[in-house]
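S.K.: Before I ask anything, let me first share the structure, which is written out below as structure tokens.
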Amino acid sequence: MTPPPADSAAHAPLLIRNARVLTLAGAQTPRRGAALRELGVIPQGEVLVADGLIAAVGEKVDVPPDARVIDALGRVLMPGFVDCHTHACWAGDRLDEWERLMRGESYEEILRKGGAIHATARAVREATRNQLSANLRARLEEALRGGTTTIEVKSGYGLTVEAELKMLRAIQRAAGEWPGTVVPTALIGHAFEGNLDDYVKLVVRDLLPEIIREFPGIAVDAFCEPGAWTVEACVKLFEKARKRHPIRVHADWWKPSGMIPEAVRMHALSVDHLESSTRADLELLAGSGTFGVVLPATAFHAGGRFASAAFFVDQGGALALATNCNPGTAPTLSMPLVIALAVRFCGLSPEEAIVASTANPAALLGFSDRGTIEAGRRADLILLHHKDERLLAHEFGGNPVAQVI
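Just so it is clear: in the sequence shown, position 320 is 320 by UniProt numbering, and no numbers are missing.
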């Protein structure tokens with residue numbers, strides 16, 4: 001994924017040999033149930049890369065004479081991480097708010113007093129598009145160093161037509177300067193200051209048509225929580241948006257919202273958070289085509305409960321993990337940390353967490369060319385320092401990625 005040097009050798013095929021290859025091949029995505037634990041391991045394998053694609057995978061592959069060679073020395077070679085839920089485009093910081101959280105004040109209280117999302121929105125409105133793009137570009141580089149090769153980035157801190165479009169344009173600019181893939185999402189139903197009915201009218205009447213015109217087909221998202229958007233407001237937006245755009249929704253972070261049945265009815269791509277979802281709603285979600293996205297770094301940093309990911313998996317749900325990177329409640333871009341937290345606090349096995357960080361989020365974002373190591377797929381690969389993939393979950397605090405390929 002890192003730009004190669006400008007010489008003839010850079011365009012030669014690349015062989016990674018003597019690797020413990022996690023192919024994740026063979027099962028239909030999204031993976032559900034027992035399939036979430038199938039890593040398709042080749043204990044001592046080879047992967048040939050040519051022209052940015054995987055040309056061959058196996059215990060032994062035919063190697064062109066001009067191929068460059070990386071000896072993996074028995075270490076793990078796996079698909080790059082796919083971070084399918086971030087708010088990585090922002091300005092300013094929320095350090096004062098973090099201290100308030102540490103003293104016991106709740107996020108909901110801080111939001112009600114004009115902080116949290118509102119504080120970041122003020123900073124974003126004051127920033128230029130170039131500043132937002134530069135901030136995001138630096139964060140994308142950090143994500144890449146940690147093995148993330150595909151990342152979703154939401155708007156949502158603008159809260160005006162002009163500022164939301166500025167954010168999406170900044171995301172678009174940063175995406176064009178990064179070797180990985182950035183998937184923009186229009187989070188236009190976010191927490192705001194003012195009358196909800198008036199703001200919903202503004203979003204549906206003025207902002208949504210601009211999104212449709214300038215960013216056709218990108219996902220439209222909303223934040224269904226107390227102090228933000230109600231279920232009724234989300235439904236009003238989504239009924240308009242889903243005619244031309246896929247929809248996603250944040251729900252059940254602080255308390256059960258009742259949003260999951262509506263999301264399932266409207267065939268949403270995903271419901272994200274799920275910390276407070278009822279078992280009945282998780283069962284309903286698991287039986288649908290809508291993904292459940294779990295964000296364990298949020299509870300780790302901001303406090304509160306962790307989502308019942310293991311229960312959701314046991315019910316047959318399509319699970320994805322993500323960082324939820326944002327300046328207030330999850331200031332991290334580390335998918336390895338997310339894996340470690342999901343295993344410790346959400347009841348997942350290391351294998352389930354790995355699939356939920358690669359193949360499944362790739363499927364959620366609409367990609368069939370990544371998330372597994374198979375011939376013809378995009379060569380988004382990472383080589384770990386480790387010889388056992390379980391160390392991704394066992395260790396935390398460092399960077400387990402030796403090389404992004």
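Here a beta-carbon is modelled for each residue, glycine too, at the ideal position from N, C-alpha and C.
Using only the alpha-carbon positions, how far apart do GLU46 and ARG68 sit?
M.R.: Approximately 13 Å between the Cα atoms of the pair.
S.K.: Are the segment 323-335 and the segment 300-307 touching, with three or more C-beta to C-beta distances below 8 Å?
M.R.: Touching, yes.
S.K.: Is it a yes or a no for the segment 203-222 touching the segment 170-188, going by three-plus beta-carbon pairs under 8 Å?
M.R.: Short answer: they touch.
S.K.: What separation, rounded to the nearest whole angstrom, lies between the Cα atoms of LEU36 and ALA309?
M.R.: Cα-Cα distance, rounded: 12 Å.
S.K.: Taking the runs of the alpha helix (DSSP H) that are 4 residues or longer, which of them lie wholly in the segment 222-273?
M.R.: Those alpha helix (DSSP H) runs which fall completely within the segment 222-273 and span 4+ residues are 231-241 and 259-265.
S.K.: Could you tell me which residues DSSP puts in a beta bridge with ASN326?
M.R.: ASN326 is bridged to ALA330.
S.K.: Which word fits GLY398, buried or exposed, when buried means at least 16 other C-beta atoms lie within 10 angstroms of its C-beta?
M.R.: By the 10 Å Cβ count, GLY398 comes out exposed.
S.K.: When DSSP labels each residue in this structure, what does GLY33 get in the three-state scheme?
M.R.: Three-state result, GLY33: helix.
S.K.: Judging by CA-CA distance, which residue of ARG242, SER276, ASN195 and GLU152 is the nearest neighbour of THR323?
M.R.: Per the Cα distances, GLU152.
S.K.: Going by Cα to Cα distance, which pick from CYS224, ALA233 and PRO246 is closest to TRP254?
M.R.: Cα-wise, what sits closest to TRP254 is CYS224.
S.K.: Are the CB atoms of GLY104 and THR149 nearer to each other than 9 Å?
M.R.: Not a contact, by the Cβ cut-off of 9 Å.
S.K.: Starting from the C-beta of ILE405, find all residues in its chain whose C-beta is less than 6 Å away, skip the five residues before and the five after it, and write them out in chain order.
M.R.: Excluding positions up to five away in sequence, the list reads LEU381.
S.K.: Can you tell me where the alpha helix (DSSP H) holding PHE291 begins and where it ends?
M.R.: Where PHE291 is concerned, there is no enclosing alpha helix (DSSP H), although the beta strand (DSSP E) it sits in stretches over 291-294.
S.K.: Taking only beta-carbon atoms, is VAL294 less than 9 Å away from chain B?
M.R.: Absent from the structure: chain B. Only one protein chain is present.
S.K.: Who are the Cβ neighbours of residue 482 in its own chain at under 6 Å, not counting the five residues just before and after it?
M.R.: Since the displayed the chain opens at 1 and closes at 405, residue 482 lies outside it and no answer follows.
S.K.: Which full runs of the beta strand (DSSP E) of 3+ residues lie inside the segment 29-102, going along the chain?
M.R.: Those beta strand (DSSP E) runs which fall completely within the segment 29-102 and span 3+ residues are 41-50, 53-58, 68-71, 76-79 and 81-83.
S.K.: Let me check understanding here. Comparing Cα to Cα, which of ASP66, GLY52, MET78 and ALA50 lies closest to ALA25?
M.R.: With distances taken between Cα atoms, ALA25 lies closest to MET78.
S.K.: So, is LYS154 buried or exposed, given that buried needs 16 or more other C-beta atoms within 10 angstroms?
M.R.: The residue is buried, with at least 16 neighbouring Cβ atoms inside 10 Å.
S.K.: Is it true that the CB of PRO13 sits closer than 9 Å to the CB of PRO64?
M.R.: Cβ atoms of PRO64 and PRO13: closer than 9 Å.
S.K.: Taking the straight line between their C-alpha atoms, what separation do you get for VAL292 and VAL271?
M.R.: It should be noted that the sequence gives Gly, not Val, for residue 292. Between GLY292 and VAL271, the C-alpha separation is close to 5 Å.
S.K.: Quick one: using the 10 Å Cβ neighbour count with 16 as the cut-off for buried, is HIS11 buried or exposed?
M.R.: Label assigned to HIS11: exposed.
S.K.: If you reduce the DSSP assignment to three classes, tell me which class LYS154 lands in.
M.R.: In this structure, LYS154 counts as strand in the three-state DSSP scheme.
S.K.: With burial defined as no fewer than 16 other Cβ atoms inside 10 Å of the residue's Cβ, what is the status of HIS267: buried or exposed?
M.R.: Exposed, since its Cβ has fewer than 16 Cβ neighbours within 10 Å.
S.K.: Could you say which of LEU202, PHE396, GLY376 and GLN403 lies nearest to LEU48 if we only look at CA atoms?
M.R.: When only C-alpha atoms are compared, the closest one is GLY376.
S.K.: Does the Cβ of ASN130 have 16 or more other Cβ atoms within 10 Å, making it buried, or fewer, making it exposed?
M.R.: The residue is exposed, with fewer than 16 neighbouring Cβ atoms inside 10 Å.
S.K.: Assuming contact is defined by CB atoms lying nearer than 9 Å, are ALA174 and VAL161 in contact in what I supplied?
M.R.: No; because the gap between Cβ atoms is not below 9 Å, this pair is not in contact.
S.K.: What number of angstroms, rounded off, separates the C-alpha of ALA263 from the C-alpha of GLU59?
M.R.: Their backbone Cα atoms lie some 44 Å apart in a straight line.
S.K.: Specify, as a first and last residue, the run of the beta strand (DSSP E) that PRO184 falls within.
M.R.: Taken as a continuous stretch (DSSP letters only), the beta strand (DSSP E) holding PRO184 covers 181-189.
S.K.: Here's a check: name, in chain order, each residue in its chain whose Cβ is nearer than 7 Å to the Cβ of ALA170, leaving out the five neighbours to either side.
M.R.: For ALA170, where only same-chain residues beyond five positions count, the Cβ hits under 7 Å are CYS89, ARG129, LEU132, SER133 and LEU136.
S.K.: Less than 8 Å between the CB atoms is what I'm expecting for ALA402 and ARG17, so what's the real figure, rounded?
M.R.: Their Cβ separation, rounded to whole angstroms, is 15 Å, which puts ALA402 and ARG17 out of contact at 8 Å.
S.K.: By Cβ distance, which residues of its chain are closer than 6 Å to ILE70, with the 5 residues on each side in sequence left out?
M.R.: So the qualifying residues of the chain are ILE16.
S.K.: Taking contact to mean 3 or more Cβ pairs, one atom from each stretch, closer than 8 Å, check whether the segment 271-285 and the segment 234-244 are in contact.
M.R.: Verdict: no, contact absent.
S.K.: Decide if LEU333 is buried, meaning its Cβ has at least 16 other Cβ atoms within 10 Å, or exposed.
M.R.: Under this definition LEU333 is a buried residue.
S.K.: Whole angstroms is fine: what's the gap from ALA143's alpha carbon to MET167's?
M.R.: Going from the Cα of ALA143 to the Cα of MET167 covers about 19 Å.
S.K.: Going by CA-CA distance only, name the one from ARG205, GLU351 and PHE367 that's closest to ASP83.
M.R.: Cα-wise, what sits closest to ASP83 is PHE367.
S.K.: In its own chain, which residues sit with a C-beta less than 8 Å from the C-beta of PHE312, not counting the 5 before and 5 after it?
M.R.: So the list reads LEU274, LEU282, LEU285, ALA286, GLY292, VAL294 and LEU319, once near-sequence residues are dropped.
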